[in-house]
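**Q**
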Amino acid sequence: MSGFDDIDRMVAKCRAIGNIAATTAKIAAPLVAAAVRETVSGGADPTDGSAWKPKKDGGGKPLANAASAITVKALGSVIQLILTGHNVFHHYGARGGALPKRRILPDAGAGIPKKLADILQAAASKEFKR
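Residues 0 to 129 in numbering that gives the first Met the number 0 are what the sequence shown lists, from first letter to last.
1. Could you check whether A121 and I78 sit closer than 8 Å to each other, using their CB atoms as the reference points?
2. Would you kindly work out how many angstroms separate the C-alpha atoms of S76 and V39, rounded to a whole number?
3. CB-CB under 7 Å to A66, same chain, minus the five flanking residues each way: which ones, in chain order?
4. Cβ atoms of L115 and A34: under 8 Å apart, would you say?
5. List the whole-angstrom C-beta distance separating P112 from P29, where the pair is believed to meet the contact cut-off of C-beta under 8 Å.
6. If L80 and V71 are in contact, beta carbons under 8 Å, what's the gap, nearest whole angstrom?
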């Protein structure tokens, strides 16, 4: 190995830093998906962890299958969470309050929840150290 090889490797690493956001998103997306699905499966708001309102009939857990309606993917440097099906109505609340609001996706206006921020930080740190 020559000094030029070392310099070439250093330059390549510096260039790779420009892609760190996209690489981090790709690494973190499945971890974010798992964390949000776990919280939702537990019947809690993924923004602040507060428990959802119980079912009106008092039986069972509300929105027991909501986690399966969440799709997560990395699009460049963005992690996109998509909620599909009837669960969207529960996420926003509907029918003049007949369906209580049970947030299934994190509130975009409230900032990144700590649990998800920790996942992103760990993924970025791991990639940066590579």
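We put the beta carbon where it would ideally sit given N, CA and C, even for glycine.
**A** Inspection of the coordinates gives the following:
1. As a first step, residue 78 must be located in the sequence shown, where it is residue number 79. As a first step, residue 121 must be located in the sequence shown, where it is residue number 122. Here I78 is not near A121, since their CB atoms are 8 Å or more apart.
2. For the purposes of this step, residue 76 is taken as the residue at position 77 of the sequence shown. For the purposes of this step, residue 39 is taken as the residue at position 40 of the sequence shown. Pairing S76 with V39, the inter-Cα distance amounts to about 24 Å.
3. To locate residue 66, count along the sequence shown from 1; it is residue 67. By the criterion of a C-beta distance shorter than 7 Å, A66 is surrounded in its chain by R36, V39 and S40, once the five residues flanking it on both sides are discounted.
4. The sequence position of residue 34 within the sequence shown is 35, counting from 1. The sequence position of residue 115 within the sequence shown is 116, counting from 1. Yes, Cβ-Cβ distance for A34 and L115 is below 8 Å.
5. For the purposes of this step, residue 112 is taken as the residue at position 113 of the sequence shown. For the purposes of this step, residue 29 is taken as the residue at position 30 of the sequence shown. P112 to P29, Cβ: 17 Å. No contact.
6. Locating residue 80 in the sequence shown gives position 81, counting from the first residue. Locating residue 71 in the sequence shown gives position 72, counting from the first residue. 5 Å between Cβ atoms; contact.
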